[in-house]
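Numbering (this note's numbering), first residue to last: -11 to 115.
Every residue gets a Cβ at the ideal spot worked out from N, C-alpha and C, and that includes glycine.
Quick caveat, the model's predicted, so the values are computed rather than measured.
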């Protein structure tokens, strides 16, 4: 079977990305799956909602697994990720638009903060 050009491009991006960029990609993927889950929740497509929430949960768990727990910030992030996971599970079980929106908003804020930090690191590295 031939791979689609989009898949090849995405795989190349992941394989050549800096670890900080990989984290940004994870955040973006998580947000994409949450958005799709919210749409499927509204359309009452239970299977698709569940699939997308599971994908978002997988990403959050990967983000948790990569934390270096020696640092306070890592422990704080771990707690935030746990809260996001709880909200996603709640959204899935109770079909709660509010819970998925809370998870989305928190993840979006974390992503935006990460993107800003990554930008600053790149700017400082260029000097």
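Roughly how many angstroms separate the alpha carbons of residue i and residue j, rounded to a whole number?
i, j, result
"residue 107", "residue 113", "10 Å"
"residue 91", "residue 8", "22 Å"
"residue 72", "residue 23", "14 Å"
"residue 37", "residue 25", "4 Å"
"residue 55", "residue 93", "21 Å"
"residue 39", "residue 96", "20 Å"
"residue 53", "residue 111", "28 Å"
Apply the 10 Å Cβ neighbour rule to residue i and answer buried if 16 or more other Cβ atoms are within range, or exposed otherwise.
i, result
"residue 69", "buried"
"residue 61", "exposed"
"residue 75", "buried"
"residue 34", "exposed"
Taking residue i as the reference, which of the options has the closest Cα?
i, options, result
"residue 10", "-10, 50, -9, 59", "50"
"residue 98", "110, -8, 65", "65"
Q: Would you check if the stretch 77 to 87 and the stretch 21 to 33 touch, i.e. whether three or more CB-CB distances between them fall below 8 Å?
A: yes
Q: Evaluate the contact criterion for the stretch 38 to 46 versus the stretch 12 to 25: three or more CB pairs, one atom per stretch, below 8 Å.
A: yes
Q.
Please give me, in chain order, every unbroken run of the alpha helix (DSSP H) with length at least 4 that falls completely inside the stretch 56 to 111.
A. 60 to 82
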